[in-house]
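So the structure is just underneath, and the comments pick up after that.
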Amino acid sequence: MDRLKDIGLHLLHWYNENKRDLPWRKTKDPYKIWISEIMLQQTRVDTVIEYYLRFLKRFPDVFKLSEAREEDVLSAWKGLGYYTRARNLQKAADFIVKNHGGVFPSTFEDIRRLPGIGEYTAGAVLSIAFNQEYPAVDGNVLRVISRIEGLEEDIGKEKVKKGIGEIVLKMMPEGNASDFNQSLMELGALICIPVNPICRECPVNGFCIANLTERQNELPFKIKKEKNTEPIEYWVAVIQDKHHILMEFRSRESLLGRMWGFPMIEKNETEEFEKQFEEKYGLKLKKKSVIGTTKHVFTHQVWKMIVVRCELEEKHSFASELRWISEEEQKELPIPTAFQRVFKLLDNENGWEQMELET
DNA sequence: CAGACGTGGGG
DNA sequence: TCCCCAAGTCT
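Okay, so the first sequence: first residue is 6 according to our numbering, each after it adds one.
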């Protein structure tokens, strides 16, 4: 008897009985599987579902995606985060159209070469869409296999990931790469969850070293990263005329680069508000009132945004990355969540006024 | 290899 | 409120 193969069979059977009904499980179209896999990177299933459906309606195949304006792709992505994913998606679509005649490649090497596709995603697309026997080692799989095998090594190490991939291949029931890989991830999502896994309901609890030795909360071993930095404080300028608001197309190098935000400068003890806005944007501003503050937490930094209503001093020209934006445009443009928060503040402000009128 | 890169949900 | 995380990739 082969322990690893036994485990594989149990997982596959469990998956067939317990898998969730997710939109990307209704298709084998590699294009759609690919879109789902990219969206699911570091992102929750519940969040992805609506984006996935909307994205495919808008870009139903690789040609449509390839032809689209980058701004429209980003707009479909806004709020999902990690916006490089959206740009790479389009670059890859372009490449597939130009070099593969629009047919999604079906070898590991060709898929792995596409921008935005790493070791995990290549294995996922190849196994899920083409049922080829490659491992797809994501965070779930690292956790599930570490626990089953009682692995003590740091799962952040490339060597460990490779080793876990090999174990996955040994478990994989013949001819079932697609369902088996998904079964590992599904188990990790539903049962073998990071904290307090539900071992009682696990189909392989009898095989699982972590469960048998009651170490399910100690595994997998992961080196903790440094966390919460001090917030960086910004002055954020809200400059409105009758029906427009002045927004900035952010520079390529900046965080949230090549998307739309508000003119803003880092709060600085030595330099004045007015001087900084003039130097950076050519904007002559008069500070009117503080609308409020809002915080946005990124993985690696925190913004504290002090939102200030400003008036333009006089008619003058300003930096070309600034543009008057109408309300309709506001809905279409790729404006990330960090700046949607500012609109929220403005809405609240109006809401307060209305409440005051009513009472 | 470590750090950049978003966001929202749950304990 | 705070902290951790979730189907990673690129540099």
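The beta carbon of each residue, even a glycine, is placed where N, CA and C say it ideally should be. Because the structure is a prediction, the values reported are computed rather than measured.
message = I need the straight-line Cα distance from residue 355 to residue 349, nearest angstrom please.
response = 10 Å
message = Using the Cβ count rule (16 or more neighbours within 10 Å means buried), how would you classify residue 201?
response = exposed
Contacts around residue 101, its chain only, beta-carbon distance under 8 Å, and the 5 residues preceding and following it disregarded = 67, 71, 107, 108, 109, 110, 119
message = As an exercise, report each continuous beta strand (DSSP E) stretch of at least 3 residues that is fully enclosed by the stretch 156-244, in chain order.
response = 237-244
inquiry  = Taking only three categories from DSSP, how would you classify residue 275?
reply    = coil
ask   = To the nearest whole angstrom, what separates the beta carbons of residue 195 and residue 173, a pair I think is in contact under 8 Å?
value = That belief does not hold up - the Cβ atoms of residue 195 and residue 173 are roughly 18 Å apart, past 8 Å.
request  = Less than 8 Å between the CB atoms is what I'm expecting for residue 121 and residue 93, so what's the real figure, rounded?
outcome  = 3 Å
ask   = Just reading off the beta strand (DSSP E) that residue 329 is part of, what are its end residues?
value = 327-331
Inter-residue spacing [alpha-carbon to alpha-carbon] between residue 186 and residue 332 = 45 Å
message = Whole angstroms are fine: how far does the CA of residue 153 sit from the CA of residue 340?
response = 43 Å
request  = Given a cut-off of 8 Å, decide if residue 343 and residue 301 are closer than it, judged by their beta-carbon atoms.
outcome  = yes
task = Just the C-alpha distance for residue 30 and residue 179, rounded to the nearest angstrom, thanks.
result = 20 Å
query = Using the beta-carbon count (16 or more within 10 Å), is residue 42 buried or exposed?
reply = buried
request  = May I have the straight-line CA-CA distance separating residue 140 from residue 69, to the nearest angstrom?
outcome  = 30 Å
request  = Look at the alpha carbon of residue 308 and the alpha carbon of residue 240, and state the distance between them as a whole number of angstroms.
outcome  = 10 Å
query = With a Cβ-Cβ cutoff of 8 Å, do residue 65 and residue 130 count as a contact?
reply = no
query = Rounded to a whole number of angstroms, what is the C-alpha to C-alpha distance between residue 226 and residue 158?
reply = 6 Å
request  = Flag this pair as yes or no: are the beta carbons of residue 290 and residue 318 separated by less than 8 Å?
outcome  = yes
task = Give a yes or no on whether the C-beta atoms belonging to residue 261 and residue 327 are separated by under 8 Å.
result = no
key: Within 8 Å, strictly: CB atoms of residue 229 and residue 9   = no
inquiry  = Let me check one thing: in DSSP terms, what residues is residue 270 bridge-paired to?
reply    = 240
task = Compute the Euclidean distance between the alpha carbons of residue 363 and residue 334, then round it to the nearest angstrom.
result = Confidence at residue 363 is low in this model, with a pLDDT of 33, below 50, so the placement of that residue should be treated as unreliable; the coordinate-derived value is given next. Each residue's Cα considered, the two are about 31 Å apart.
inquiry  = By DSSP's criteria, residue 297 is part of a beta bridge. Which residues make up the other side?
reply    = 312
message = What does the alpha-carbon distance come out to for the pair residue 148 and residue 168?
response = 13 Å
query = Between which two residues does the beta strand (DSSP E) harbouring residue 321 extend?
reply = Element bounds for residue 321: n/a, residue is neither H nor E.
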